[in-house]
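Participant:
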Amino acid sequence: MKVKENIPQANPVECEAPNMGKSGESGWKLLRYLIVGVLFGIVFVKAEVISWFRIQEMFRLQSFFMYGVIGSAILVGLVSIQLIKRFGVKTLSGEPIKIADKEFRKGQVIGGFIFGLGWALTGACPGPLFAQIGFGYSVIVVTLLSAIAGTWVYGKFADKLPN
Amino acid sequence: MEQLIEWIKQPWPWYVAGPLIGLTVPALLIIGNKSFGISSSLRHACAACIPAKIPFFQYDWKKETWNILFVVGIFLGGVIASLFLSNPEAVVVAESTQRDLALLGITDFTSLLPADIFNWSNLFTLKGLFFFVIGGFLVGFGTRYAGGCTSGHAIMGISNLQWPSMVATVFFMIGGFVMTHLILPYIMALVGF
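Chains as they are written, first to last, in my numbering: chain C, 633 to 795; chain G, 61 to 253.
And the structure:
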């Protein structure tokens with residue numbers, strides 16, 4: 633029986649939301665991501681998903697709203713990716729679309745749980761933090777800086793944590 | 061036209077917001093082969109500003125500039141929505157949630173975030189320590205340890221049928237339930253509500 637060898641990764645995953653684009657992008661081409669971000673931020677505010685109360689409703693199972701938002705977002709994402717794969721849709725610059733697979737690590741359990749604790753406390757995942765600050769809750773800058781600090785501390789001890 | 065503006069100013073229902081958020085996935089892929097993810101921007105911020113020779117931050121963050129612009133866009137989206145599309149009415153919170161939170165000491169249900177907690181005067185108090193500093197730290201540490209947040213795992217990962225993302229999402233939810241039901245009551249009492 634051939635045992636599949638588990639080759640440890642020499643380098644940490646370079647980036648979890650990787651840039652698979654081959655052709656370099658600069659200047660105004662990068663502005664397209666800013667525009668998508670703006671639209672995305674507007675949706676966040678208008679659906680009130682940046683609200684601390686919406687997150688409380690969700691974790692208290694007292695409203696369907698957030699489950700509806702996340703569920704229908706996944707459904708649309710799922711159908712889109714299936715269509716992209718089925719029809720071999722290419723990027724605007726003609727590259728084949730590639731999506732990196734997510735590897736299982738213990739961090740998804742431990743880190744996921746830790747993030748969940750913070751999510752219920754702050755009422756925000758990273759995306760809404762930016763929209764909350766933009767909306768006018770300037771004190772959330774402190775939460776964001778603390779989140780950056782948390783990321784840094786993880787990076788500092790990444791090789792010592794179970795993974 | 062006026063009716064349209066009026067409609068946009070109302071809070072959008074989940075079946076409008078959810079699909080629009082979902083469309084971000086193909087939009088980023090088609091524009092330039094980018095996988096939807098937000099918490100990575102926090103890592104890029106570390107890599108760009110305070111890498112401190114830590115291997116985890118030694119990578120070409122400039123290649124991920126798109127991700128930084130994406131979150132700057134989310135910030136600007138918040139500004140635009142607040143200036144031009146703001147809903148004048150108070151936020152509608154489920155009555156049962158209002159009751160539960162009132163028991164914990166929350167009194168202000170008018171804006172998106174409870175003013176009892178989220179204001180500058182709470183910064184150097186226990187409220188600030190727990191809700192801004194510790195809360196933010198858990199979000200940053202946890203998402204990076206998990207390799208993604210609600211966008212990268214729950215939406216992008218599950219959309220691409222990645223089972224590790226499903227595991228991560230389940231544990232996001234477990235963490236949230238534990239905080240809300242088991243820990244939050246103690247924190248609220250401790251910080252003086």
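C-beta atoms are modelled at their ideal positions from N, C-alpha and C, and glycine is treated no differently.
#1: Looking at the C-beta of C:R718, does it have a partner C-beta in chain G at a distance below 9 angstroms?
#2: Which complete alpha helix (DSSP H) runs does the region 93-169 of chain G hold, if anything under 4 residues is left out?
#3: Going by DSSP, name the residue or residues bridged to C:P728.
#4: To the nearest angstrom, how far is the alpha carbon of C:V721 from that of G:A228?
#5: So which residues on chain G does C:I788 lean against when the C-beta distance must stay under 8 angstroms?
#6: Does the beta carbon of G:Y246 sit closer than 9 angstroms to a beta carbon anywhere in chain C?
#7: Which residue's Cα is closest to the Cα of G:I114: C:L793, C:W784, C:P794?
#8: Cβ of C:F672 within 8 angstroms of any heavy atom in the ligand MG?
#9: Would a check of beta-carbon distances place C:K730 closer than 9 angstroms to chain G?
#10: In terms of alpha-carbon separation, which member of G:M239, G:L250, G:A249, G:P245 lies closest to C:M690?
#11: Exposed or buried, what is C:L793 when buried is set at 16 or more other beta-carbons lying within 10 Å of its beta-carbon?
#12: CB-CB under 8 angstroms to G:D272, same chain, minus the five flanking residues each way: which ones, in chain order?
#13: Helix, strand or coil, according to DSSP, for C:N651 in the structure here?
#14: Assess, as a yes-or-no matter, whether the region 184-201 of chain G is touched by the region 702-721 of chain C under the definition of 3 or more beta carbon pairs within less than 8 angstroms.
#15: What residue does the alpha helix (DSSP H) around C:G766 start on, and which one ends it?
#16: What's the C-alpha gap between G:A79 and C:E680?
#17: Looking only at C-alpha atoms, which of G:L242, G:L221, G:L89, G:P86 sits nearest to C:E735?
#18: Could you check the C-alpha separation between C:Q641 and G:Q118 for me, to the nearest Å?
#19: Rounded to the nearest angstrom, how far is the Cβ of G:A141 from that of C:K678, given a contact under 8 angstroms?
#20: Output, in sequence order along the chain, the residues in the region 201-222 of chain G whose CB is closer than 9 angstroms to any CB in chain C.
#21: Could you name the residues of chain C that G:T125 contacts, counting a contact when the two beta carbons are closer than 7 angstroms?
#22: Measuring only between beta-carbons, confirm whether C:K792 sits less than 9 angstroms from chain G.
Facilitator: This is what the structure holds:
#1: By one-based count along the first sequence, residue 718 of chain C stands at place 86. It does not: the Cβ of C:R718 has no partner Cβ on chain G nearer than 9 angstroms.
#2: The qualifying runs are 100-109, 125-144, 155-164.
#3: Taking the first residue of the first sequence as 1, we reach residue 728 of chain C at position 96. The partner list for C:P728 (beta bridge, DSSP) reads C:K722.
#4: Counted from its first residue, the first sequence places residue 721 of chain C at position 89. Counted from its first residue, the second sequence places residue 228 of chain G at position 168. Those two C-alpha atoms are separated by around 29 angstroms.
#5: Translated into the one-based positions of the first sequence, residue 788 of chain C becomes position 156. In the sequence as presented, Ile is not what sits at residue 788 of chain C; that position holds Lys. Simply A112, I114, F116.
#6: Counting from 1 along the second sequence, the entry for residue 246 of chain G is found at position 186. G:Y246 does not count as touching chain C.
#7: Here residue 114 of chain G corresponds to residue number 54 of the second sequence, with the count starting at 1. Considering only alpha carbons, the answer is C:W784.
#8: Absence of the ligand MG is noted for the structure shown, with no ligands found whatsoever.
#9: The sequence position of residue 730 of chain C within the first sequence is 98, counting from 1. Between C:K730 and chain G, the shortest Cβ-Cβ separation is below 9 angstroms.
#10: Translated into the one-based positions of the first sequence, residue 690 of chain C becomes position 58. That would be G:M239, whose Cα lies nearest to the Cα of C:M690.
#11: One-based indexing of the first sequence puts residue 793 of chain C at position 161. Classification for C:L793: exposed.
#12: Given that chain G is displayed from residue 61 to residue 253, the structure contains no residue 272 of chain G and the question cannot be resolved.
#13: Here the question's residue 651 of chain C lines up with position 19 in the first sequence. It is a strand residue.
#14: Here the region 702-721 of chain C does not lie against the region 184-201 of chain G, with fewer than 3 beta-carbon pairs under 8 angstroms apart.
#15: Start at 1 with the first residue of the first sequence, and residue 766 of chain C comes out as number 134. Counting along the chain, the alpha helix (DSSP H) containing C:G766 begins and ends at 758-767.
#16: Taking the first residue of the second sequence as 1, we reach residue 79 of chain G at position 19. Taking the first residue of the first sequence as 1, we reach residue 680 of chain C at position 48. Per the sequence presented here, residue 79 of chain G reads as Pro, with Ala not at that position. C-alpha separation (whole angstroms): 15 angstroms.
#17: Along the first sequence, one-based indexing puts residue 735 of chain C at 103. Minimum Cα distance to C:E735 is reached at G:L221.
#18: Working through the first sequence from its first residue, we reach residue 641 of chain C at position 9. Working through the second sequence from its first residue, we reach residue 118 of chain G at position 58. Here C:Q641 scores only 40 on pLDDT, less than 50, and its place in the model is too uncertain to base an answer on.
#19: Taking the first residue of the second sequence as position 1, residue 141 of chain G is located at position 81. Taking the first residue of the first sequence as position 1, residue 678 of chain C is located at position 46. Yes, they are in contact, since the Cβ atoms of G:A141 and C:K678 sit about 6 angstroms apart, within 8 angstroms.
#20: F201, G202, T203, R204, Y205, A206, G207, G208, C209, T210, S211, G212, H213, A214, I215, M216, G217, I218, S219, N220, L221, Q222
#21: Position 65 of the second sequence holds residue 125 of chain G. L662, listed in chain order.
#22: Along the first sequence, read from residue 1 onward, the residue named residue 792 of chain C stands at position 160. By this cut-off, C:K792 is not an interface position.
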